[in-house]
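A.B. asks: Chains as they are written, first to last, in my numbering: chain A, 1204 to 1354; chain B, 21 to 338. By construction, the Cβ of each residue, glycine as well, lies at the ideal position given by its N, Cα and C atoms. Because the structure is a prediction, the values reported are computed rather than measured.
1. Report back the beta-carbon spacing between residue 219 (chain B) and residue 197 (chain B) to the nearest angstrom; my notes put them in contact at under 8 Å.
2. Are the stretch 1338 to 1345 of chain A and the stretch 1243 to 1260 of chain A in contact at 8 Å, needing three or more beta carbon pairs?
3. Note down, in chain order, each residue of its chain lying with its Cβ closer than 8 Å to the Cβ of residue 1351 (chain A), except the 5 sequence neighbours on either side.
4. Apart from the five residues on each side of it in sequence, which residues of its chain come closer than 8 Å, Cβ to Cβ, to residue 318 (chain B)?
5. List, from N- to C-terminal side, the alpha helix (DSSP H) runs of 4 residues or more that fit wholly inside the stretch 48 to 101 of chain B.
6. Exposed or buried, residue 166 (chain B), counting other C-beta atoms within 10 Å across all chains shown (16 or more means buried)?
7. Any C-beta of chain B within less than 8 Å: which residues of the stretch 1273 to 1290 of chain A qualify?
8. What alpha helix (DSSP H) runs, 4 residues minimum, are completely inside the stretch 193 to 272 of chain B?
9. State the CB to CB distance for the pair residue 1229 (chain A) and residue 1292 (chain A), rounded to an integer number of angstroms; the pair is presumed to be in contact (CB under 8 Å).
10. As a quick exercise: from B:28, B:129, B:145, B:111, pick the residue whose alpha carbon is nearest that of residue 119 (chain B).
11. Under 8 Å Cβ-Cβ, which residues of chain B neighbour residue 1243 (chain A)?
12. Output the distance between the C-alpha atoms of residue 189 (chain B) and residue 171 (chain B), rounded to the nearest integer angstrom.
13. According to a CB-to-CB cut-off of less than 8 Å, which residues of the stretch 1305 to 1324 of chain A neighbour chain B?
14. For the alpha helix (DSSP H) that residue 292 (chain B) lies in, which residues bound it at each end?
15. Going by DSSP in three states, residue 187 (chain B) sits in which element: helix, strand or coil?
16. Counting Cβ pairs closer than 8 Å, one from the stretch 287 to 304 of chain B and one from the stretch 148 to 162 of chain B, do we hit at least three?
17. Quick check on residue 67 (chain B) - is its C-beta less than 8 Å from some C-beta in chain A?
18. Span of the alpha helix (DSSP H) holding residue 334 (chain B)?
19. Check whether the Cβ atoms of residue 76 (chain B) and residue 100 (chain B) sit closer than 8 Å, and answer yes or no.
This is how it looks when you write it as structure tokens:
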């Protein structure tokens, strides 16, 4: 089984100069927890997730820690978020996001998702253009049904 | 991927079959196949038909709310269609049809679709522009949401033309007129289902239809198509005007989706055989007739369409 067999053929994405506020609005409307960022020709140039927004909203020394459970109080977070809302997504996005190719095996993408604890992985063609996404829930469901290891 | 379809106001189409349907009564659906839903809207319909014919394509437009997410999930089941939608705040519209097969009635309830904001429109135009680098043919079809500027189709077509893309439109109304005048697409079919009108001119006699078809060509189109009453279609290219007359009486109730089939046929022909517009129109006509005759929802092969190429006569009328 290949990535293209299990990916969502959905190329919902943002360009680099869209604001973080707009990112939050669209994720909520769409029900996604992260969105790929593309250039004018649909080349993948980044990924922004909810957790990256949270990290960027708290003071720098805290974001160095592995876990965000150390945040002293949510007031700090809310203030921090307010100060980045109008910044472009390019400022806080992951510029070298984990990605997979459409003809990688499904097992490979399972590996990638589990090892990096990701919820969404962008799928690209050999031109680095976005062609879809793989969601973690889809992998879980395939694995639970025992479909994943059959190649 | 070769084709992108644009549907600014898609709908979730729901069909419920109820025997002896009456207002003010309660009915239970015991057989799940008597209630089904699927993504609809003119551009999306073309995407689905192209997909059945094996053409990978992309569908772009606005979706919103709970209905929008249901729509998207259903559409993503189609492995030949890549979804490319902008989510807006309000709900995507629903077209609900209650079919009574005993008394032969259809009861319809259609909602009007979401309001979209300027930010959403800007976002759609920008996403559309980026997507142009992925395709060679763009179809824009159907109505537009209430508060979208009337030059939206003109804007979208002019961007496509700048990229050397082959453009197709099936619509009518203000946004259709603006597109024709400011950035005329190469293939134009006038949607006459609501009103038999081209700009302000009522279409009654054959001459009215010929006038409209020729006028579309004058605006720069390579192919113009207008359905002419039930019995046929008026076709114009740079070489003249034709009447394609169907050899048989067509059951009016089967005309649902004929325009979308026509456009699907034209695109499919051009993709496979190049730019012979009159031949493309003939194939479009055959696709539309095949659709009327077809019991299944979709046509799945070119051979099936070819069977209907001699179900109509082509007569040069100018």
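C.D. replies: Taking the structure as given:
1. 6 Å
2. no
3. 1204, 1309, 1310, 1313, 1342, 1345
4. 68, 69, 72
5. 62 to 72, 85 to 96
6. exposed
7. none
8. 194 to 203, 226 to 238
9. So it is not a contact: roughly 10 Å between Cβ atoms.
10. B:129
11. 149, 150, 153
12. 14 Å
13. none
14. 278 to 293
15. strand
16. yes
17. no
18. Segment 332 to 336 is the beta strand (DSSP E) holding residue 334 (chain B); no alpha helix (DSSP H) there.
19. yes
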